[in-house]
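Student: Heads up: the protein sequence lines correspond to chains A and B, in order.
So in the working numbering, spot 92 of the first sequence is number 153, and the numbers just go up one at a time.
So in the working numbering, spot 332 of the second sequence is number 393, and the numbers just go up one at a time.
So that we are looking at the same thing, I have put the structure below in structure tokens.
Number of protein chains: 2
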Amino acid sequence: MLPAGRTTRTRHPKASIEDVAAAAGVSTATVSRAIRGLPRVAQPTRTRILEIAQALGYTASASAAGLATGKTRSIGVVTSSLRYPAYSAAVEGAAQALRDRDYSLVLLHLPHPSASPQLPTDVNMRRVDALLVLGAGTLGKEQIGQLQRSGIPHFVIGLPGTQDDVDVAAATTAIRHLVQLGHTDLAFFHGRLAAASRISLLAAGPGPWTSALHEAGIKLREVRVEGGAGAIPSSRKAFSCLWAQPGSLPTAVVCASDEMALGVLLEAERKGLKIPADLSIVGMDGQDLCESLELTAVIHYSARRAAQGAQSLLAALEGDRDVTTPAVWSPELVVRQSTAAPRNGPTSTVAATIECRTST
Amino acid sequence: MLPAGRTTRTRHPKASIEDVAAAAGVSTATVSRAIRGLPRVAQPTRTRILEIAQALGYTASASAAGLATGKTRSIGVVTSSLRYPAYSAAVEGAAQALRDRDYSLVLLHLPHPSASPQLPTDVNMRRVDALLVLGAGTLGKEQIGQLQRSGIPHFVIGLPGTQDDVDVAAATTAIRHLVQLGHTDLAFFHGRLAAASRISLLAAGPGPWTSALHEAGIKLREVRVEGGAGAIPSSRKAFSCLWAQPGSLPTAVVCASDEMALGVLLEAERKGLKIPADLSIVGMDGQDLCESLELTAVIHYSARRAAQGAQSLLAALEGDRDVTTPAVWSPELVVRQSTAAPRNGPTSTVAATIECRTST
DNA sequence: CTGAAAGCGCTAACAA
DNA sequence: TTGTTAGCGCTTTCAG
Numbered sequence: 062m063l064p065a066g067r068t069t070r071t072r073h074p075k076a077s078i079e080d081v082a083a084a085a086g087v088s089t090a091t092v093s094r095a096i097r098g099l100p101r102v103a104q105p106t107r108t109r110i111l112e113i114a115q116a117l118g119y120t121a122s123a124s125a126a127g128l129a130t131g132k133t134r135s136i137g138v139v140t141s142s143l144r145y146p147a148y149s150a151a152v153e154g155a156a157q158a159l160r161d162r163d164y165s166l167v168l169l170h171l172p173h174p175s176a177s178p179q180l181p182t183d184v185n186m187r188r189v190d191a192l193l194v195l196g197a198g199t200l201g202k203e204q205i206g207q208l209q210r211s212g213i214p215h216f217v218i219g220l221p222g223t224q225d226d227v228d229v230a231a232a233t234t235a236i237r238h239l240v241q242l243g244h245t246d247l248a249f250f251h252g253r254l255a256a257a258s259r260i261s262l263l264a265a266g267p268g269p270w271t272s273a274l275h276e277a278g279i280k281l282r283e284v285r286v287e288g289g290a291g292a293i294p295s296s297r298k299a300f301s302c303l304w305a306q307p308g309s310l311p312t313a314v315v316c317a318s319d320e321m322a323l324g325v326l327l328e329a330e331r332k333g334l335k336i337p338a339d340l341s342i343v344g345m346d347g348q349d350l351c352e353s354l355e356l357t358a359v360i361h362y363s364a365r366r367a368a369q370g371a372q373s374l375l376a377a378l379e380g381d382r383d384v385t386t387p388a389v390w391s392p393e394l395v396v397r398q399s400t401a402a403p404r405n406g407p408t409s410t411v412a413a414t415i416e417c418r419t420s421t
Numbered sequence: 062m063l064p065a066g067r068t069t070r071t072r073h074p075k076a077s078i079e080d081v082a083a084a085a086g087v088s089t090a091t092v093s094r095a096i097r098g099l100p101r102v103a104q105p106t107r108t109r110i111l112e113i114a115q116a117l118g119y120t121a122s123a124s125a126a127g128l129a130t131g132k133t134r135s136i137g138v139v140t141s142s143l144r145y146p147a148y149s150a151a152v153e154g155a156a157q158a159l160r161d162r163d164y165s166l167v168l169l170h171l172p173h174p175s176a177s178p179q180l181p182t183d184v185n186m187r188r189v190d191a192l193l194v195l196g197a198g199t200l201g202k203e204q205i206g207q208l209q210r211s212g213i214p215h216f217v218i219g220l221p222g223t224q225d226d227v228d229v230a231a232a233t234t235a236i237r238h239l240v241q242l243g244h245t246d247l248a249f250f251h252g253r254l255a256a257a258s259r260i261s262l263l264a265a266g267p268g269p270w271t272s273a274l275h276e277a278g279i280k281l282r283e284v285r286v287e288g289g290a291g292a293i294p295s296s297r298k299a300f301s302c303l304w305a306q307p308g309s310l311p312t313a314v315v316c317a318s319d320e321m322a323l324g325v326l327l328e329a330e331r332k333g334l335k336i337p338a339d340l341s342i343v344g345m346d347g348q349d350l351c352e353s354l355e356l357t358a359v360i361h362y363s364a365r366r367a368a369q370g371a372q373s374l375l376a377a378l379e380g381d382r383d384v385t386t387p388a389v390w391s392p393e394l395v396v397r398q399s400t401a402a403p404r405n406g407p408t409s410t411v412a413a414t415i416e417c418r419t420s421t
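See the structure below:
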């Protein structure tokens with residue numbers, strides 16, 4: 062005798078592989094092969110199974126398949142923020158690459174970059190097969206070390222503003238362009254995301270390019286843009302501050318982000334400066350902003366690079382070989398309307414670094 | 062006799078619950094309880110187990126736990142893009158809310174909004190327990206229908222530009238502000254993401270507010286900004302196009318996004334218009350851009366709303382109750398420097414809708 | 001308070 | 001070509 066009527070807990074207990082096997086009159090093993098497109102299944106059998114699975118709305122459970130295979134077919138994308146176009150573009154690029162290969166994307170949004178020495182929970186729980194780390198400074202030394210020890214495939218993508226050579230490379234490209242135009246007094250605006258230590262190499266370091274700067278009598282001022290007011294107002298203030306300095310003024314500004322470039326542009330226009338006649342401006346990131354404003358910029362192709370990283374990761378996972386580093390990337394210069402030769406000749410020849418803190 | 066020596070396949074087969082149980086001299090059941098903080102474990106036992114687990118670097122496998130419990134402790138966040146600040150902010154808001162509760166976030170980045178009538182694979186594979194849908198137009202009717210049928214908890218968040226009442230509500234707020242300032246000739250710029258059908262209600266629909274507009278003799282022009290050149294240049298062009306129209310010109314513009322507001326601002330300034338004396342501008346989204354440019358704007362608090370949605374979803378999941386709709390949201394107006402009373406009095410009284418297509 | 005044992009749903013040898 | 005049989009690692013009654 063059946064127990065007194067009770068409502069079922071769930072409406073649709075979702076068909077399992079056994080249901081399909083039973084309906085098709087085959088074993089679960091065959092269903093599994095058929096559905097995954099593996100060989101050793103007769104064509105008619107496969108067709109029938111597929112139809113039945115379709116009718117039953119069957120899809121393998123990720124948990125069960127993951128337990129059995131040890132693979133989750135999902136990769137973790139580590140980022141510290143989505144507020145910068147370069148980052149959200151990178152996530153989007155990765156998302157597309159992964160979707161193309163039927164992998165899932167688990168977003169590992171870390172609160173404060175490298176706040177904890179622990180690896181994210183999703184990694185420890187093996188919810189992801191591999192990690193795509195966006196920005197060289199996103200994970201701390203210890204975390205990267207643990208990654209290497211754990212043997213989890215991972216790929217780190219250099220993104221602007223992340224204690225990375227990317228900044229140096231991009232800034233170098235911009236500077237080269239300006240120097241070629243005849244500028245000898247430059248300013249480089251970068252934000253709190255940038256690594257002062259690395260960047261300052263540009264002004265005082267021992268690199269070949271740096272010494273070349275000195276020899277050529279080029280003056281480069283580094284302006285650290287800080288403050289919680291957002292990149293645009295902060296860089297406006299920083300620009301004002303720079304302009305209030307005694308002595309000669311730079312004839313060109315390199316900005317570490319589009320937002321900063323906009324801030325400088327707005328403030329310069331407010332001061333009545335003509336762009337590029339009075340001041341050349343170079344932006345970075347290659348997002349809509351610079352394009353729209355007709356600003357010359359160094360672009361990073363974050364989305365494309367993230368997609369490449371993802372692909373390289375997948376190749377490593379499926380081929381069971383090591384992660385291959387994609388072709389070396391170099392920043393690209395897009396010359397638009399915001400750069401031109403300076404109005405006057407060279408000015409001073411003393412390299413200097415100034416700090417320009419904004420309130421808040 | 063043991064088989065001939067062979068190298069192990071993996072370096073660190075990662076400790077399992079059995080390893081911990083063995084090392085602690087207890088059963089796996091006890092380890093499971095201890096680690097998850099469940100009752101019925103003696104304090105000393107619990108402590109010992111925790112220490113051993115720590116030493117062994119044990120973390121439960123997500124797949125195994127998922128299989129056993131039927132829950133994945135991860136939710137899917139559905140979005141069609143990350144390129145708009147409102148969207149990436151929403152994702153970030155959701156990420157933080159989920160991280161606070163130790164849930165994982167699977168990013169379901171759909172290619173073309175509602176391109177396929179199918180639910181995303183991750184949903185069918187039960188890789189996620191619930192869905193947070195960003196933007197009312199992100200999922201198609203059929204998909205939403207399937208969601209409801211499948212009983213998967215889901216929450217849809219209205220975001221600007223997504224065939225949603227949000228647009229109407231926000232635009233209404235902006236318009237009310239402008240009318241109160243004395244404007245009688247307005248233009249509303251919106252993009253391809255916006256739903257023309259809904260929006261046009263503002264100009265010709267039967268709503269109380271709409272008729273009020275008519276009665277008050279307010280003229281509202283709807284400008285559809287299109288073109289693949291990005292929101293900023295497109296809206297510049299659209300503004301130029303609008304300004305080239307014969308007849309009276311609007312004294313205020315409402316923009317459906319920050320980017321459009323910037324485009325209008327730039328183009329207006331290029332035409333020598335003073336903001337807000339000659340033209341009032343209202344932006345939307347409340348992102349850095351409007352704040353930085355001192356633009357009056359209607360803000361959506363996407364991040365906060367997404368976080369609320371996530372919380373409501375988690376409450377439903379854990380409490381096993383239905384998804385509760387959070388408190389009704391209404392767009393908020395932040396008055397800054399870009400709006401003021403019109404220089405001249407009312408102009409015309411004919412409502413009209415113009416299309417302003419930009420090339421490409 | 002603790003343990004034994006039966007799965008969760010699928011995959012992967014190995015047989016047939 | 002197909003089926004049988006073990007698990008995968010954890011959770012969860014139900015006894016003890």
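Yeah, the Cβ is synthetic: ideal placement off N, Cα and C, and Gly gets one too.
Can you tell me the Cβ-Cβ gap for A125/B and L128/A, rounded? I've got them flagged as a contact below 8 Å.
Tutor: About 5 Å separates the two Cβ atoms, so the contact holds.
Student: Please name the residues in the segment 149 to 182 of chain A whose beta-carbon is closer than 8 Å to at least one beta-carbon of chain B, in chain order.
Tutor: Listed by position, the residues of the segment 149 to 182 of chain A near chain B (Cβ gap below 8 Å) are S149, A150, V152, E153, A156, Q157, R160, D163, S165, L166, V167, L168, H170, P172, T182.
Student: Starting from N352/A, find everything on chain B with Cβ-Cβ shorter than 7 Å and list it in chain order.
Tutor: It should be pointed out that residue 352/A corresponds to Glu in this sequence rather than to Asn. Going along chain B in sequence order, the residues near E352/A (Cβ under 7 Å) are G291.
Student: So the alpha helix (DSSP H) A426/A belongs to, where does it begin and stop?
Tutor: Residue 426/A lies beyond the range of chain A shown here (62 to 421); nothing can be said about it.
Student: Note the first and the last residue of the continuous beta strand (DSSP E) segment covering E287/B.
Tutor: From DSSP, E287/B is part of no beta strand (DSSP E); its letter is neither H nor E.
Student: For the structure I just gave you, are there three or more beta carbon pairs, one from the segment 278 to 285 of chain A and one from the segment 107 to 115 of chain A, closer than 8 Å?
Tutor: No, the segment 278 to 285 of chain A does not touch the segment 107 to 115 of chain A.
Student: Could one say the Cβ of M186/A lies closer than 9 Å to chain B's Cβ atoms, at least one of them?
Tutor: Judged by the 9 Å Cβ criterion, M186/A is in contact with chain B.
Student: Can you name the residues that DSSP bridges to D246/B?
Tutor: Bridge partners of D246/B: K280/B.
Student: What number of angstroms, rounded off, separates the C-alpha of V395/A from the C-alpha of R107/A?
Tutor: Cα to Cα, V395/A sits roughly 53 Å from R107/A.
Student: Below 8 Å, can you find three or more Cβ-Cβ pairs linking the segment 133 to 140 of chain B to the segment 187 to 195 of chain B?
Tutor: With a cut-off of 8 Å, the segment 187 to 195 of chain B and the segment 133 to 140 of chain B count as touching, because enough Cβ pairs lie within range.
Student: How many Å lie between E320/B and I360/B at the Cα?
Tutor: Roughly 14 Å between the two C-alpha positions.
Student: Sorted by chain position, which residues of the same chain lie with C-beta nearer than 7 Å to L374/A's C-beta, five sequence neighbours on each side aside?
Tutor: The answer, listed in chain order, is I136, A191, L193, P214, F216, V384.
Student: For the candidate residues P146/B, G219/B, A123/B, I336/B, whose alpha-carbon lies nearest to that of D346/B?
Tutor: Out of P146/B, G219/B, A123/B, I336/B, P146/B has the C-alpha closest to the C-alpha of D346/B.
Student: Could you check whether the segment 322 to 333 of chain B touches the segment 197 to 216 of chain B, counting it as contact only if at least three pairs of C-beta atoms, one from each stretch, sit closer than 8 Å?
Tutor: No: fewer than three Cβ pairs fall under 8 Å.
Student: According to DSSP, is L195/B helix, strand or coil?
Tutor: The answer is strand: DSSP assigns L195/B an E or B state.
Student: Going by C-alpha distance, which of L247/A, A83/A, Q369/A is nearest H275/A?
Tutor: When only C-alpha atoms are compared, the closest one is L247/A.
Student: Does any CB atom of chain A fall closer than 9 Å to the CB of A191/B?
Tutor: A191/B does not count as touching chain A.
Student: How about P337/A and Q241/A: are their beta carbons less than 9 Å apart?
Tutor: Result no, Cβ atoms of P337/A and Q241/A do not sit closer than 9 Å.
Student: So the beta strand (DSSP E) I336/B belongs to, where does it begin and stop?
Tutor: Careful: I336/B lies outside any beta strand (DSSP E) and carries neither H nor E.
Student: Is S399/B a contact residue of the ligand FMN, with contact defined as CB to any heavy atom under 8 Å?
Tutor: Absence of the ligand FMN from the depicted structure is noted, as is the absence of any ligand whatsoever, leaving it without description.
Student: Report, in whole angstroms, the separation of the C-beta atoms of G219/B and A197/B, which I expect to be a contact under 8 Å.
Tutor: G219/B to A197/B, Cβ: 5 Å. Contact.
Student: Contact criterion: CB-CB distance below 9 Å. Does E276/B meet it with respect to chain A?
Tutor: It does not; no Cβ of chain A falls within 9 Å.
Student: Which class does T400/B belong to by DSSP, given the choice of helix, strand or coil?
Tutor: In the structure shown, T400/B sits in coil (DSSP, three-state: anything other than H, G, I, E or B).
Student: For the candidate residues A156/B, L239/B, V138/B, A277/B, whose alpha-carbon lies nearest to that of P311/B?
Tutor: With distances taken between Cα atoms, P311/B lies closest to L239/B.
Student: Measuring only the C-alpha atoms, how far is T419/B from A277/A?
Tutor: Per-residue confidence for T419/B stands at a pLDDT of 44, beneath the threshold of 50, marking its modelled position as unreliable; the derived number appears in the next sentence. Approximately 47 Å, taken between the alpha carbons.
Student: State buried or exposed for S88/A, treating a residue as buried only when at least 16 other CB atoms are found within 10 Å of its CB.
Tutor: That one is exposed.
Student: Please report the residue range of the beta strand (DSSP E) in which S135/B lies.
Tutor: Its beta strand (DSSP E) spans residues 135 to 140.
Student: Taking just the CA atoms, how far does G206/A sit from G212/A?
Tutor: Those two C-alpha atoms are separated by around 10 Å.
Student: In three-state terms, what does DSSP make of I360/A?
Tutor: Here I360/A sits in strand by DSSP.
Student: Mind pulling the chain A residues with CB within less than 7 Å of P294/B?
Tutor: In chain order: S353.
Student: Is the Cβ of T120/A closer than 9 Å to any Cβ of chain B?
Tutor: Yes, T120/A counts as interfacial toward chain B.
Student: Look at G154/A and A371/A and say whether their C-beta atoms are less than 9 Å apart.
Tutor: Result yes, Cβ atoms of G154/A and A371/A sit closer than 9 Å.
Student: If you measure between the beta carbons of S295/A and G252/A, is that distance less than 9 Å?
Tutor: Cβ atoms of S295/A and G252/A: closer than 9 Å.
Student: Could you check where the alpha helix (DSSP H) with E79/A kicks off and where it finishes?
Tutor: Counting along the chain, the alpha helix (DSSP H) containing E79/A begins and ends at 78 to 85.
Student: Measure the Cβ-Cβ separation of S141/A and H173/A and say whether it is below 9 Å.
Tutor: It is a contact, given that the beta carbons lie within the stated cut-off.
Student: Does S318/B get closer than 9 Å to chain A when you measure Cβ to Cβ?
Tutor: No, because no Cβ of chain A sits closer than 9 Å to the Cβ of S318/B.
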